[in-house]
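Colleague: Numbered per our numbering, the sequence shown spans residues 1 to 74. Ideal Cβ placement from N, Cα and C applies to all residues, glycine included. Attaching a single structure in structure tokens format; questions to follow.
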Amino acid sequence: MKQSRLMSLVESVANVIVGYGVAVVTQILIFPVFGLHTTLAQNLKMGAIFTIVSIARSFALRRVFEAIRMRSAK
């Protein structure tokens, strides 16, 4: 069964929302190890930027692999 573009987007967004939380917590824990000191607001903003990029990447890759799957099925 083929996954619709909308469901591909929904899956990608759900995956990235969880990743957003993990990324922000990781930034808070790891940045100081490298001498980077940021506020919570800065971490949230950086996490938001990475989240947008991640959604686009995940959606694009999903569509590429779906196209490959559909070609192979023909």
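1) By a C-beta neighbour count over all protein chains shown, 10 Å radius and 16 as the cutoff for buried, is Val-10 buried or exposed?
2) Kindly indicate the opening and closing residues of the alpha helix (DSSP H) around Gly-47.
3) In angstroms, rounded to a whole number, what distance separates the CA positions of Thr-51 and Val-18?
4) Which residues bound the alpha helix (DSSP H) around Val-33?
5) Return helix, strand or coil for Gln-3, following the three-state DSSP convention.
Modeller: On the basis of the coordinates in this document:
1) exposed
2) 40–73
3) 10 Å
4) Counting along the chain, Val-33 falls outside any alpha helix (DSSP H), and DSSP gives it neither H nor E.
5) coil
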